[in-house]
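Protein sequence lines, in the order shown, are assigned to chains P and Y. Under our numbering, think of the first position of the first sequence as 972, with each following residue one higher. Under our numbering, think of the first position of the second sequence as 972, with each following residue one higher. To start, the structure under review is shown below, and the notes come after it.
Number of protein chains: 2
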Amino acid sequence: MSRSVLYMSMSLDGFIAGPDDGPENGLGTGGEQLHAWLFDGDHEARGGVGLPVLRTDAASVPVVQEMLATGAVLTGRRTFEAAGGWGGDHHDGVHIEVFTRSEAGDDAVQGPNVRYATDGIEAAMARAKEAAGDRDVMVHGATTAQLALQAGVLDELEIHQVPVLLGAGRSLFGAPGSPHQLDLVRVIDAPGVTHLRYRVVG
Amino acid sequence: MSRSVLYMSMSLDGFIAGPDDGPENGLGTGGEQLHAWLFDGDHEARGGVGLPVLRTDAASVPVVQEMLATGAVLTGRRTFEAAGGWGGDHHDGVHIEVFTRSEAGDDAVQGPNVRYATDGIEAAMARAKEAAGDRDVMVHGATTAQLALQAGVLDELEIHQVPVLLGAGRSLFGAPGSPHQLDLVRVIDAPGVTHLRYRVVG
């Protein structure tokens, strides 16, 4: 059965980007460390045209393979734009649903498989799941994750926990959210990152 | 060599207590889940007179044994008072250094091995290390941890990561802190908790 899975790299102190992140400063001061595990290894994986070539350690390969086997992407707009919209293709040309609270606008990154969702998180997730078919939906972005959790439409979380304290930055769970019970269903201890897979159970 | 080690139970979203924690409400709403791993197992361990009898799963036993083998406790005052000062004895009557920014006052929990430190985190840690001899120092409390990190006197972190999202509460790393590089040196995946041991390397 198709699941919706949040994939995010996070520091031990809960940040997904360092201070002063933005189009001019990428993942913020120190934030690039959160993605080092994706580029510091020997095992190459290719996504779509707009995703950099990934080079991970062997231990992280299954996680990357799962990520690239998802059948659709549901992403928050900030995350989407910070990544340059992956050139409109995260991997294999799968549908990209961009959750936003305002209209796309003229300067929005477009693509044949990109759709801006302004009708709420449940509708956005429903379209992403429809597009994914029997494959999983890759979820991305802090606000999108929080809203999906609150709406009960997030099935799992794959947290790539990175052994660093950034001290400040953009927090994954910084805004007050809803309480949820989780089951830890997998731990992969890879060099430079611990992949923690949780199922949302309540 | 004696190390200073932060021991804290933390939710995936970074909380060490739920909302509205305090003397009347313990670990706050939902916060007791963070300590369930200490009481839901079959393996009994006893600390000092004021520490409840611990009953953990077999996988968590080494972590508890290490904690109870420390030679001194350095704790923030809030954490100390929330625990009733452990009756003045956390385990084996070891020295308890209580970090505080105000004077102890008449209603402060006292004990023959309890000392209130008002002369800063470095002095407090120095006394705790002196008292611990060649054993480790158990560090406790969010503010104390942050100040020890900033002062460069925290050697390791043992984070008991609990598979729950509390959504709100008291955050371990909520206040802006200093950036630090960590090495993950041990992962113990136990029922209801993942013990993550980090060494502070920069």
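Glycine included, C-beta positions come from ideal geometry on N, C-alpha and C. Remember, it's a predicted structure, so these values are computed and weren't measured experimentally.
query: Is there at least one Cβ from chain P nearer than 9 Å to Y:T1165's Cβ?
result: The count along the second sequence starts at 1 and reaches residue 1165 of chain Y at position 194. Chain P, which has a Cβ nearer than 9 Å to the Cβ of Y:T1165, makes this yes.
Simplified DSSP state of P:T1027, which is helix, strand or coil: As a first step, residue 1027 of chain P is located in the first sequence; it is residue number 56 there, counting from the start. Three-state DSSP puts P:T1027 in a strand.
message: Quick check on the burial criterion: 16 or more other C-beta atoms within 10 angstroms. Buried or exposed for Y:F1070?
response: Along the second sequence, one-based indexing puts residue 1070 of chain Y at 99. By the neighbour-count rule (16 or more Cβ atoms within 10 Å), Y:F1070 is buried.
Beta-ladder partner(s) of Y:R1106, from DSSP: Position 135 of the second sequence, counted from the start, is the residue given in the question as residue 1106 of chain Y. According to DSSP, Y:R1106 bridges with nothing at all.
task: Look at the alpha carbon of Y:H1014 and the alpha carbon of Y:V1164, and state the distance between them as a whole number of angstroms.
output: Your numbering for residue 1014 of chain Y matches position 43 in the second sequence. Your numbering for residue 1164 of chain Y matches position 193 in the second sequence. Distance between the alpha carbons of Y:H1014 and Y:V1164 is about 15 Å.
- prompt: Taking Cβ-Cβ distances below 9 Å as the criterion, which residues of the segment 990-1010 of chain Y are in contact with chain P?
  reply: P990, T1000, G1001, Q1004
query: Which runs of the beta strand (DSSP E) spanning at least 3 residues fall entirely within the segment 1032-1109 of chain P, listed in chain order?
result: 1043-1047, 1066-1070, 1085-1088
- prompt: Relative to the ligand ZN, is the shortest distance from any of its heavy atoms to the C-beta of P:Y1087 smaller than 8 Å?
  reply: As for the ligand ZN, it is missing from this structure, which has no ligand bound.
query: Can you find a C-beta in chain Y that's less than 9 Å from the C-beta of P:I917?
result: Here chain P comprises residues numbered 972 to 1173, so residue 917 of chain P is not present and cannot be evaluated.
query: Going along chain Y in order, which residues have a C-beta closer than 7 Å to the C-beta of P:S1149?
result: If you number the first sequence from 1, residue 1149 of chain P lands on position 178. G1138, listed in chain order.
- prompt: For the segment 1026-1045 of chain P, which residues have a CB atom closer than 8 Å to at least one CB atom of chain Y, in sequence order?
  reply: none
query: According to the Cβ coordinates, are P:W1008 and P:S982 closer than 9 Å?
result: Residue numbering aside, residue 1008 of chain P sits at position 37 when the first sequence is read from its first letter. Residue numbering aside, residue 982 of chain P sits at position 11 when the first sequence is read from its first letter. Going by C-beta atoms, P:W1008 is not nearer than 9 Å to P:S982.
field: Cβ-Cβ distance between Y:L977 and P:D1160 below 9 Å
entry: Residue mapping note: residue 977 of chain Y aligns to position 6 of the second sequence, counting from 1. Residue mapping note: residue 1160 of chain P aligns to position 189 of the first sequence, counting from 1. The answer is no: Cβ separation not under 9 Å.
query: Got a sec, what are the start and stop residues for the alpha helix (DSSP H) Y:T1115 sits in?
result: By 1-based counting over the second sequence, the position of residue 1115 of chain Y is 144. Note, Y:T1115: alpha helix (DSSP H), 1113-1122.
query: Name the residues in the segment 1115-1136 of chain Y whose C-beta lies less than 8 Å from a C-beta of chain P; which are they?
result: L1120, L1128, I1130, Q1132, P1134, V1135, L1136
message: Taking only three categories from DSSP, how would you classify P:A1125?
response: Residue numbering aside, residue 1125 of chain P sits at position 154 when the first sequence is read from its first letter. Note on residue identity: the sequence assigns Leu, not Ala, to residue 1125 of chain P. Three-state DSSP puts P:L1125 in coil, outside helix and strand.
query: Are the CB atoms of Y:L1005 and Y:V1133 nearer to each other than 9 Å?
result: In the second sequence, counting from the first residue as 1, residue 1005 of chain Y sits at position 34. In the second sequence, counting from the first residue as 1, residue 1133 of chain Y sits at position 162. Yes; because the gap between Cβ atoms is below 9 Å, this pair is in contact.
message: Along the chain, where does the beta strand (DSSP E) containing Y:T1165 start, and where does it finish?
response: Residue 1165 of chain Y sits at position 194 when you count from the first residue of the second sequence. Element bounds for Y:T1165: 1164-1171.
- request: Closer than 7 Å by C-beta to Y:F1144: which residues in its own chain qualify, once you throw out the five before and the five after it? Chain order, please.
  value: Within the second sequence, numbered from 1, the residue matching residue 1144 of chain Y stands at position 173. Counting only Cβ-Cβ distances below 7 Å, and skipping sequence neighbours, we find G985.
- prompt: Does any C-beta atom of chain Y lie closer than 9 Å to the C-beta of P:Y1087?
  reply: Locating residue 1087 of chain P in the first sequence gives position 116, counting from the first residue. Output row for P:Y1087: interface = no.
field: Contacts around P:G1012, its chain only, beta-carbon distance under 6 Å, and the 5 residues preceding and following it disregarded
entry: Translated into positions along the first sequence, residue 1012 of chain P becomes position 41. Hits under 6 Å: R1026, T1027, D1028.
- request: Return the residue from the list P:L998, P:P1150, P:R974, P:G1019 that minimises the CA-CA distance to P:N1084.
  value: Looking up residue 1084 of chain P in the first sequence gives position 113. Closest option to P:N1084, Cα to Cα, is P:G1019.
task: Alpha carbon to alpha carbon, how far is Y:A1095 from Y:E1003? Give it in angstroms, no decimals.
output: The residue given as residue 1003 of chain Y occupies position 32 in the second sequence. The residue given as residue 1095 of chain Y occupies position 124 in the second sequence. The alpha-carbon atoms of Y:E1003 and Y:A1095 are separated by roughly 29 Å.
message: My assumption, with CB atoms under 8 Å, is that Y:T1041 sits in contact with Y:D991. Please give the rounded CB distance.
response: Taking the first residue of the second sequence as 1, we reach residue 1041 of chain Y at position 70. Taking the first residue of the second sequence as 1, we reach residue 991 of chain Y at position 20. That pair is no contact at about 30 Å.
query: Is it buried or exposed for P:S1211, if we count other Cβ within 10 angstroms and need 16 for buried?
result: Residue numbering for chain P in the displayed model covers 972 to 1173; residue 1211 of chain P lies beyond these limits and cannot be assessed.
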